[in-house]
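Encoded as structure tokens, the structure appears first; notes follow it.
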Amino acid sequence: MRTHPSPIRDRARILLAGLALTGALLGGFFPGTPAHAHGEALKVGAGAKGPVKLTPAQQNALGLKLAAAQLRPMSELLHLNGEVRPVAGRQAEVSTRISGQVTQVYATLGQRVRAGQRLARVQSRLVGDPPPSVDVVAPMAGVIDQQTATVGQSVEPATTLFHIRDGSEVNVVARVYEEDLGKIVAGQAASVRLLSYPDRNFSGKIILVGPSLDPLSRTVEVWVALANAEGLLKPNLFARVSVVLRHNDAALGIPKAAILEAAGEKFVFVKQRGAFVRTDIRTGASDDKYTEVTQGLVPGDQVVTAGNRQVYTVWLTGGVPLRDEDD
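If you're matching positions, the sequence shown starts at 108 in our numbering and goes up one per residue.
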């Protein structure tokens, strides 16, 4: 008969595996039977889970690294996905007012032009000696991002010869799920990252929260305005938007890697008087590297950022006493 796996049994296996690994790392420092020092065996769940005392050699074996809790500017962020779009009204299609033939092309694809600059010349089909010609000029400043005009081409008034886009400012249109909609308002600061430039942050602000909700995705559009003087933000590029919900210039932050969680509690291991003490914490904002600690630590506290899971495994045994010669 098939039986479902027991969560309790699975957790026990994980714990025992962790203890075995930590015991293997520390075994060289505790002579005799595994997890044994001063003639006393360390048993899982036996006794209070007190400070974990480790010699420098044991700390090296576990790969322990420390970092100090420090005051730093931190923001609570909401991350959204979106794409770059041109600003409405900052683009134009360029055509001629007459029917005729293109006789000269003065501009090329990708060229930056000024308002009124001559782009092409079209000779009319009207009878004349010589036939009348008309200059095609740029109605606005920008970059030619589409071009169909070629010498000898026959054109009509509806024929688009060029498309000009002013990309000095762009929008990023992201989508926010309805459960987060109440956190978003126009005027909030936002930063944008692109897959194309992962190490660059582009700063902007929310200018519009869409008036309607998409019934299929349960999301609302959020429009972010961004300056684009370098022209790096190109239409249709994928963007990752981080909206600043709350900012603190002096938040107490620690590396995210220092934080462990078990049974719904968040905690870290703090180095105190040569031992490592489990300290429960409450957290606030998080960014890519750091998490704000609102309760449990003070500036300067040294927290374990690497090897803390192994320290936790040892802590579960009730702590590791030092040998006399290591005191």
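Ideal placement from N, C-alpha and C gives every residue a C-beta, glycine not left out.
The beta-carbon separation of residue 411 and residue 374, rounded to 11 Å, does not stay under the 8 Å limit for a contact.
Inter-segment contact for the region 380-396 and the region 178-195 is present: three or more beta-carbon pairs are separated by less than 8 Å. The region 192-238 contains no complete alpha helix (DSSP H) run of 4 or more residues. Distance from the CA atom of residue 289 to the CA atom of residue 316, rounded to whole angstroms, is 11 Å. In this structure, residue 414 lies near residue 169, with their beta-carbon atoms less than 8 Å apart. Per DSSP, reduced to three states, the secondary structure at residue 316 is strand.
With 16 or more other Cβ atoms inside 10 Å of its own Cβ, residue 399 counts as buried.
Nearest neighbour of residue 176 by Cα position, chosen from 402, 262, 274, 306, turns out to be 402. About 15 Å separates the beta carbon of residue 228 from that of residue 254, a gap too long to meet the 8 Å contact definition. The criterion of a C-beta distance shorter than 8 Å is satisfied by residue 209 and residue 256. Taken atom to atom, the span from the alpha-carbon of residue 423 to that of residue 156 is near 6 Å.
Within the DSSP secondary-structure output, residue 169 pairs in no beta bridge. Between the beta-carbon of residue 327 and that of residue 297 there is about 15 Å, and that puts the pair past the 8 Å contact cut. Residue 349 and residue 299 have their C-alpha atoms some 6 Å from each other.
If you compare the alpha carbons of 250, 421, 361, 334 with that of residue 406, the shortest gap goes to 361.
Beyond the five residues adjoining it in sequence on each side, residue 344 comes within less than 8 Å, by CB distance, of 190, 191, 301, 302, 303 in the same chain, given in chain order. When the Cα atoms are used, residue 310 and residue 292 turn out to be separated by approximately 16 Å.
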